[in-house]
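Notes follow the structure.
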Amino acid sequence: MIVVSNIWRPLIFGLAAVILCAGQALSQAMSVQDRIVQCAGCHGADGNSPLPNIPSLAGQPAFFVLNQLFLMREGVRKVEAMAPFVKDLKESDLDALSGHFSKLPPKPSGEPIDAALVKRGTEIAAQKKCGSCHKPTLTGDQQVPRIAKQRVDYLTQALTEFRDSKREGADTLMSGAVAGLSDADLVALAHYAASH
Ligand code: HEC
Ligand code: HEC
Numbered sequence: 017m018i019v020v021s022n023i024w025r026p027l028i029f030g031l032a033a034v035i036l037c038a039g040q041a042l043s044q045a046m047s048v049q050d051r052i053v054q055c056a057g058c059h060g061a062d063g064n065s066p067l068p069n070i071p072s073l074a075g076q077p078a079f080f081v082l083n084q085l086f087l088m089r090e091g092v093r094k095v096e097a098m099a100p101f102v103k104d105l106k107e108s109d110l111d112a113l114s115g116h117f118s119k120l121p122p123k124p125s126g127e128p129i130d131a132a133l134v135k136r137g138t139e140i141a142a143q144k145k146c147g148s149c150h151k152p153t154l155t156g157d158q159q160v161p162r163i164a165k166q167r168v169d170y171l172t173q174a175l176t177e178f179r180d181s182k183r184e185g186a187d188t189l190m191s192g193a194v195a196g197l198s199d200a201d202l203v204a205l206a207h208y209a210a211s212h
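Take 17 as the starting number for the sequence shown in our numbering and just add one per residue.
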């Protein structure tokens, strides 16, 4: 018995040390890499979201992502699904995460795009001058998001929220751009932006 326990003792100590280290690692701040893995669960491994109503982040201007993460952390833009993932983000995390997603190549979501709706959306966008802020390429700039290649379902949802003043903490610049548009107009704009 004594001999056996002497043989096992170093192994048991070794195991205990491993468990202790793992516990310490968990209690320490998460690395940016760990966070990116968390984000990938919803926003896609390459920043292109495979999930309905969850926006793609690939190719978003870094400043837009940083700004939105800040607004969410401070509870100004309220996104329930994101709350646990933003609450303890440090300033350095905001910089690293926004830099990471801005450099990933955006890809179309694969949702069906309707050519007639794209045509109608193009006309409305010209009247409403969407390109004056989002850029003619719709790739965004600074605090203005990229809407090109964004998911159709998310674009439709976001536009509806702006029109109905449902997006908390939203920049008022957008309310004017979509005021008075019908649901059908917003769907057409979503197809237009996604097709870019
Ligand atoms: C549980 C799912 C989930 C996880 C995990 C998650 N998000 Fe989100 N995120 C969402 C949803 C849903 C929205 C859209 C909210 C809305 O409808 O306004 C969103 C919106 C965003 C936006 C705003 C984008 C835009 O176009 O307006 C940013 C930026 C963002 N998330 C970054 C992140 C980052 C960075 C992480 C990892 C630290 C992360 N998210 C983790 C679900 C998630
Ligand atoms: C005066 C400048 C301006 C104009 C014109 C404008 N936008 Fe925006 N748009 C913004 C800003 C700024 C934001 C970011 C809003 C925020 O931070 O809450 C935004 C956000 C959006 C979003 C949300 C994207 C996301 O990822 O969350 C969509 C979709 C959008 N705009 C589409 C449009 C369309 C379509 C038009 C034309 C009908 C348009 N915008 C016209 C400035 C503008």
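Cβ coordinates follow ideal geometry from the N, Cα and C atoms, glycine included.
Give every residue of the same chain whose Cβ lies closer than 8 angstroms to the Cβ of C58, excluding the five residues on either side of it in the sequence, and list them in chain order.
On the sequence shown, position 42 is the one that residue 58 refers to. Excluding residues within five positions, the ones whose Cβ falls inside 8 angstroms are S65, L67, I70, A97.
If you drop the 5 nearest sequence neighbours on each side, which residues of the same chain put their C-beta closer than 6 angstroms to that of D104?
Against the sequence shown, residue 104 aligns to sequence position 88. Once the five neighbours on either side are set aside, D104 has no close Cβ partner at all.
From which residue to which residue does the alpha helix (DSSP H) around V92 run?
For the purposes of this step, residue 92 is taken as residue 76 along the sequence shown, with counting starting at 1. First-last for V92: undefined, no H or E at that position.
Give me the Cα-Cα distance between I129 and E139, rounded to the nearest whole angstrom.
By one-based count along the sequence shown, residue 129 stands at place 113. By one-based count along the sequence shown, residue 139 stands at place 123. Computed Cα separation, rounded: 16 angstroms.
In the DSSP output, what is V160 paired with across the bridge?
Here residue 160 refers to the residue found at position 144 of the sequence shown. The partner list for V160 (beta bridge, DSSP) reads D157.
S191 lies in the alpha helix (DSSP H); which residues open and close that run?
For the purposes of this step, residue 191 is identified with residue 175 of the sequence shown, where counting begins at 1. Unbroken alpha helix (DSSP H) run through S191: 189-194.
Terminal residues of the alpha helix (DSSP H) in which I140 lies
If you number the sequence shown from 1, residue 140 lands on position 124. Here the alpha helix (DSSP H) through I140 covers 131-144.
Is the beta carbon of Q84 closer than 8 angstroms to that of G156?
By 1-based counting over the sequence shown, the position of residue 156 is 140. By 1-based counting over the sequence shown, the position of residue 84 is 68. Result no, Cβ atoms of G156 and Q84 do not sit closer than 8 angstroms.
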